[in-house]
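Residue numbers (the working numbering): 1 to 54.
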């Protein structure tokens with residue numbers, strides 16, 4: 001989650017977008033087994049789902 005927020009802020013995103021990116025990255029990481037990192041496509045899909053639901 002923190003990495004998603006930091007990366008988004010470093011890329012110039014606004015705080016709201018950065019938080020949504022962090023939440024989507026954290027959620028995507030929970031979808032993978034064990035200590036595996038999140039998959040980019042999962043994080044991007046979750047982000048789009050959250051943005052479209054607002």
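Each residue gets a CB set at the ideal place from its N, CA and C atoms; glycine is no exception.
As the structure is a computational prediction, the values presented were derived from the model and not from experiment.
Proximity to residue i [Cα-Cα], best of the options
{"i": "residue 43", "options": "52, 26, 15, 35", "result": "26"}
{"i": "residue 51", "options": "32, 24, 9", "result": "24"}
Residue i, buried or exposed, once every other Cβ within 10 Å from all chains shown has been counted against 16
{"i": "residue 18", "result": "buried"}
{"i": "residue 10", "result": "exposed"}
Reduced DSSP secondary structure (H/G/I, E/B, other) of residue i
{"i": "residue 22", "result": "helix"}
{"i": "residue 27", "result": "helix"}
{"i": "residue 4", "result": "helix"}
{"i": "residue 37", "result": "coil"}
Residue range of the alpha helix (DSSP H) that includes residue i
{"i": "residue 40", "result": "40-52"}
Rounded straight-line distance, which links the Cα of residue j to that of residue i
{"i": "residue 86", "j": "residue 21", "result": "Examination of residue 86 is not possible in this model, given that the chain is present from 1 through 54 alone."}
{"i": "residue 14", "j": "residue 48", "result": "16 Å"}
{"i": "residue 39", "j": "residue 33", "result": "11 Å"}
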